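Take UniProt numbering: the last position of the sequence shown gets the number 333, and nothing is skipped along the way.
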Amino acid sequence: MESIYYVLSWACHRKCKHCYDDRFRPYVRDALESVVVEGEQAYARIIANLPERMTYRDLDARNAQGEPEEKIGRIVLSGGDVLVDPVRTRILYPAMEAITRKYRDQGGVRIIVQTTGDLVTPEILDDLLARGMWMISISGMDDYHVGLEGDKKLPLVAHLKDLFARRGIRKSGYHAPVMGWADEEGPVYDMFGANGEEWIGALWPRGRSWLNGLSKATFSDNFCNGWSGGLHFLDHGHAGSEVSIEPNGDVYPCCLKSASPLGNLQQEAWWIFSIALPGIRRSRPSIWAIPNAWAYHLVGIPKHSMKNPCAKTRRGKFRAIYVLAAMLSIARF
């Protein structure tokens, strides 16, 4: 696989109004312990059931023999915010160590730690580098993060750049959705946010973004054919987009999520999910139901195209997503 997006915990130190999942928020006392324990008890089994190798063939890059080059894939460790205590010490650090051990002699892996940025300290950076971090991805650079609106974020940006420079962490030469990271040596950093020019600028119609009416997405926005969508989903051995894993091990074809997970990595090894509908890989919702073409008419929306099956819907409420989940369930058995 080229990329896996693994949410280690729902715990976050913020409750941003644009967040795509209501579960990403601050937790206290017993509630915090509950979400931490969920991820803490699951990560070892999840990592054990990940692909044996995190390498892939790049069909756009050929070696001297004309064969696709083998490149190193990446695992994005995210939240919530994985730097929140005690997520950082009880889940993130041991998960990084387990991932490094698993792939050390299997072609390697590139670990990306995604965080909003305001929890980064020199000591934490040293801990992350010692555990094999290849990239730190700063995701809070937008006006939706309280205290980082407009020019207010500039002091934090300057502070982070100074911290990174002192530790030899260079700015990445690539920025999503351009995926040239396989050719880049680490450690590197990237900064992004939910800004108009970014790939996530329209905001997914999910979670608090939906409830607060912030998403600018329309039926013409093809999230499925974009970054973190279903393009090339589970196209084993070749370049493809991200598979999303939740803290309990549930697996989804994209970060936006289908109504139901395909399965659970605490219970099943990765290979069980290798039978994926071709329509998801090519991001053509019109053929999701194939070979079960008899169900195709259920997917349509009167007077609208199917370019964006997620627009203006709550998570799991749109019947096309239910049909997709049903077809995936059929395909699995």
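We put the CB at the ideal spot given by N, CA and C, even for glycine. Source: prediction; values computed, not measured.
Quick one: using the 10 Å Cβ neighbour count with 16 as the cut-off for buried, is residue i buried or exposed?
i	result
residue 159	exposed
residue 190	buried
residue 244	buried
residue 34	exposed
residue 30	exposed
residue 4	buried
residue 130	exposed
residue 329	Confidence is the limiting factor: at residue 329 the pLDDT is only 44, short of 50, which leaves the residue's position unreliable, though a coordinate-based value still follows. Classification of residue 329: exposed, given that the 10 Å Cβ count is below 16.
residue 155	exposed
residue 67	exposed
residue 285	Low per-residue confidence applies at residue 285: pLDDT is 46, beneath 50, and the placement is therefore not dependable, though the value from the model is reported in the following sentence. Flag for residue 285 reads buried.
residue 187	buried
residue 122	exposed
Under the DSSP definition of a beta bridge, which residues are partnered with residue i?
i	result
residue 77	6, 113
residue 36	Paired residues: none, contrary to the question.
residue 264	250
residue 11	25
residue 170	188
residue 137	114, 190
residue 53	DSSP output for residue 53 lists no bridge partner at all.
residue 58	69
Does residue i come within less than 8 Å of chain C when only Cβ atoms are used?
i	result
residue 145	Note that chain C does not occur in the displayed structure, where there is just one protein chain.
Is the beta carbon of residue i less than 8 Å from the beta carbon of residue j?
i	j	result
residue 111	residue 133	yes
residue 28	residue 86	no
residue 2	residue 56	yes
residue 220	residue 205	no
residue 109	residue 72	yes
residue 207	residue 12	no
residue 249	residue 45	yes
Which two residues bound the contiguous alpha helix (DSSP H) that contains residue i?
i	result
residue 100	93–103
residue 124	122–130
residue 210	207–211
Which residues mark the beginning and the end of the beta strand (DSSP E) in which residue i is found?
i	result
residue 71	68–72
residue 156	No beta strand (DSSP E) contains residue 156, which is instead part of the alpha helix (DSSP H) from 154–166.
residue 243	243–245
| message | Tell me whether the segment 115–126 and the segment 53–71 touch, counting them as touching only if at least three CB pairs, one residue from each stretch, are closer than 8 Å. | response | Result no; under three Cβ-Cβ pairs closer than 8 Å.
| message | Contact between the segment 201–210 and the segment 146–162 is defined here as three or more beta-carbon pairs at a separation below 8 Å; is this criterion met? | response | No, they do not touch.
| query | Is the segment 20–40 in contact with the segment 78–94, if contact means three or more CB pairs nearer than 8 Å? | reply | Yes, since at least three Cβ pairs between the segment 20–40 and the segment 78–94 fall closer than 8 Å, the two stretches touch.
| query | Does the pairing of the segment 89–104 with the segment 161–169 give three or more beta-carbon distances under 8 Å? | reply | Three or more Cβ pairs closer than 8 Å define a contact, and the segment 89–104 falls short of that threshold against the segment 161–169.
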